[in-house]
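Chemist:
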Amino acid sequence: MLKRIAALLAGLTLLSALAACGEITGLDAPALMSPPKTTADRQAIYSLLCGEENDVTLVYPKNGDYRSAIISRDLDGDGVSEVVGFCAAGDTGGIRLQFMAEDEAGAWRSLAQFTSTSTLVDRVFFGDLTGDGTEEIVVGWGDPQTATASISVYSLKDGAVRELSMNAVAYSEMLLTDFDGDGVQELFVMDLTRAGKGEEAGASPLGSLYRFDGEQPYVALTVPLDSAVTRYSGALFTKLNSWRSGVVLDGVKADGRMVTQVIGYDEVAERLTAPLSESGDANPTDRDTAAAVSARDINGDGVTEIPTASLVMEPAEGSAADSTAYTITWNTYSLSDNTLTPVCSSIVNTAENYIVVLPESEAQIACANDSVTRTSTFFRYERMAGAPAGREDLFAVTVYSEEEWEAREEAGETKEEIYLTAMGGRVYALAVLDPSLSADSALIRSVCADFKILNE
1 MLKRIAALLA GLTLLSALAA CGEITGLDAP ALMSPPKTTA DRQAIYSLLC
51 GEENDVTLVY PKNGDYRSAI ISRDLDGDGV SEVVGFCAAG DTGGIRLQFM
101 AEDEAGAWRS LAQFTSTSTL VDRVFFGDLT GDGTEEIVVG WGDPQTATAS
151 ISVYSLKDGA VRELSMNAVA YSEMLLTDFD GDGVQELFVM DLTRAGKGEE
201 AGASPLGSLY RFDGEQPYVA LTVPLDSAVT RYSGALFTKL NSWRSGVVLD
251 GVKADGRMVT QVIGYDEVAE RLTAPLSESG DANPTDRDTA AAVSARDING
301 DGVTEIPTAS LVMEPAEGSA ADSTAYTITW NTYSLSDNTL TPVCSSIVNT
351 AENYIVVLPE SEAQIACAND SVTRTSTFFR YERMAGAPAG REDLFAVTVY
401 SEEEWEAREE AGETKEEIYL TAMGGRVYAL AVLDPSLSAD SALIRSVCAD
451 FKILNE
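My numbering puts the first residue of the sequence shown at 1, with every later residue one more than the last.
Dropping the structure here:
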């Protein structure tokens, strides 16, 4: 049976990937997309989803790690995966969530189904929220950006699926967390819309940490959120250093500027704390719209670094600076003393989706970007009266389409360029401009080794 589940999951994964190109309905198209040995299983699952109808429209989560309309997961800890499916609820409107399982004889049956009035599935999480060793499924319905998102939590025990009461909880962003490190996950819910809601009108945005007493959720802790933020562009529960984890929120303000808020757990006071935004001082992570990049693990050490930005190259009169005019510094953050410690510096080209990490020995490198030729020229400069002066061109990064790069290769025009990587139809290449440098120079080797795609 486990082999059949594995085969089914492989087929459904392929179905999900292909479905990204357009909505797939019915059974004919999926029947062509996976090995014949899983056809009977898929036919049974689709028949259950169809019910008395002849066809079904699948609904795909828009965000998160689980983007398939049909997901296989062991929800009761018996070593056998159940299947959950999202589809349009037909004439009644909304979305139907259906739980299905295969019995020992290989027959598929419906365990339960629930209907939401929402027309969107935002995201799906799996985590042990109740501490019983099995996973619950968390579903975010609706659109967090339009204040229509709500949360449902479902639990499978003894063959029965129950919905745990979260009906009144709305969110702008949510994460699974484990602030106290006890191995039982919490649900951290961020709500930026309280200022416009009924009795809460005028209230500050709030982060609420939900824990479960058995199957009953309750708010264990809260923390104020940055009131200048209108939406979140990034949210992580992540390592802040080797011994502490926390929530890192990249928020966008009404004017397009970005700011990062870090939320951690104070074990002594047993409360959530957010020193970057609670201190009353200006948040040092506040960065211009052009430099609005999100926190990430920039060096692969498992710790998330926080970006700060400084404008190096002033734009020409009448024009605006793009992202390459800034130096982005990536910092670790200490909750205990509210300090940022630089790890490395970089120049980011958001339009072309890449990061050039600057070697430690080369702090004074700036960039001149030509969006027409898709070439960014990196140069060493000296500071005079606080402004860059002089220019020593070092190297350039050019972005080609795959067709352009192939044509250049065939014409022998890439011999003086170093291939960096390719992503999303783009090919990235580096050309050495300084005659004193070569492909084997420490600077060029470092830049090539640390070249990164911004958003993969």
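Note that CB positions come from ideal geometry on N, CA and C, so glycine has one too. Only a predicted model underlies this, so the values are computations on that prediction, with no experimental measurement involved.
Report buried or exposed for S290, applying the criterion of at least 16 other Cβ atoms within 10 angstroms of its Cβ.
Modeler: It should be noted that the sequence gives Ala, not Ser, for residue 290. Its Cβ being crowded by 16 or more others within 10 Å, A290 is buried.
Chemist: Buried or exposed: A69, going by 16 or more other Cβ atoms within 10 Å of its Cβ?
Modeler: Buried is the call here.
Chemist: Decide if Q216 is buried, meaning its Cβ has at least 16 other Cβ atoms within 10 Å, or exposed.
Modeler: Q216 is exposed by the Cβ-count criterion.
Chemist: Ordered along the chain, which non-local residues of its own chain (more than five positions away) have a Cβ less than 6 Å from that of V138?
Modeler: Closer than 6 Å at the Cβ level, and outside the excluded window around V138, lie F125 and V153.
Chemist: What did DSSP end up calling W405 once you bin it into helix, strand or coil?
Modeler: In the structure shown, W405 sits in a helix (DSSP, three-state: H, G or I).
Chemist: Below 8 Å, how does it come out for the segment 281-295 and the segment 311-330: are there three or more Cβ pairs, yes or no?
Modeler: With a cut-off of 8 Å, the segment 311-330 and the segment 281-295 count as touching, because enough Cβ pairs lie within range.
Chemist: Check whether the Cβ atoms of V256 and A292 sit closer than 8 Å, and answer yes or no.
Modeler: First, the residue type needs correcting, since residue 256 is Gly and not Val in the sequence shown. Cβ atoms of G256 and A292: closer than 8 Å.
Chemist: Using a threshold of 8 Å, state whether the C-beta atoms of S294 and D226 are closer than that.
Modeler: Cβ atoms of S294 and D226: not closer than 8 Å.
Chemist: Can you tell me which of W108, Q113 and T119 puts its alpha carbon nearest to the alpha carbon of I95?
Modeler: Taking only the C-alpha atoms, the option nearest I95 is T119.
Chemist: Bridge partners of Y210, per DSSP?
Modeler: Partner(s): L187 and V219.
Chemist: Taking the continuous alpha helix (DSSP H) assigned at T39, which residues delimit it?
Modeler: T39 to C50 is the extent of the alpha helix (DSSP H) around T39.
Chemist: Can you check whether the CB of L164 is closer than 8 Å to the CB of S155?
Modeler: Cβ atoms of S155 and L164: closer than 8 Å.
Chemist: Buried or exposed: which applies to R231, given that a residue is buried once 16 or more other Cβ atoms fall within 10 Å of its Cβ?
Modeler: Exposed is the call here.
Chemist: Pick from T57, F188, N353 and Y326: whose alpha carbon is nearest that of G90?
Modeler: The candidate whose alpha carbon is nearest that of G90 is T57.
Chemist: For T373, count neighbouring C-beta atoms within 10 Å of its own C-beta (all shown protein chains included) and say buried if the count is 16 or more, exposed if not.
Modeler: With fewer than 16 Cβ atoms within 10 Å of its Cβ, T373 is classed as exposed.
Chemist: Please say whether F237 and L175 have beta carbons closer to each other than 8 Å?
Modeler: A contact, by the Cβ cut-off of 8 Å.
Chemist: Spatial neighbours of A31 within its chain, please: CB distance less than 8 Å, with the 5 preceding and 5 following residues excluded, ordered by chain position.
Modeler: In this prediction, A31 scores a pLDDT of 32, lower than 50, which makes its location untrustworthy; the coordinate-derived value is nonetheless stated afterwards. Excluding positions up to five away in sequence, the list reads T39, R42 and Q43.
Chemist: With DSSP run on the structure shown, which of helix, strand or coil describes G234?
Modeler: Note: G234 maps to strand in three-state DSSP.
Chemist: Starting from S277, follow the alpha helix (DSSP H) in both directions and report where the run begins and ends.
Modeler: Element bounds for S277: P275 to E278.
Chemist: Could you check where the beta strand (DSSP E) with S438 kicks off and where it finishes?
Modeler: Where S438 is concerned, there is no enclosing beta strand (DSSP E), given that its DSSP letter is neither H nor E.
Chemist: Mind checking E270: buried by the 16 CB within 10 Å criterion, or exposed?
Modeler: Answer is exposed; the Cβ neighbour count stays below 16.
Chemist: Contact defined as beta carbons within less than 8 Å: I believe G302 pairs with K253. What is the distance between those atoms, to the nearest angstrom?
Modeler: So it is not a contact: roughly 30 Å between Cβ atoms.
Chemist: Determine, using beta-carbon pairs with one atom in the segment 426-440 and one in the segment 324-341, whether at least three such pairs fall under 8 Å.
Modeler: No: the two stretches stay apart, fewer than three of their Cβ pairs being nearer than 8 Å.
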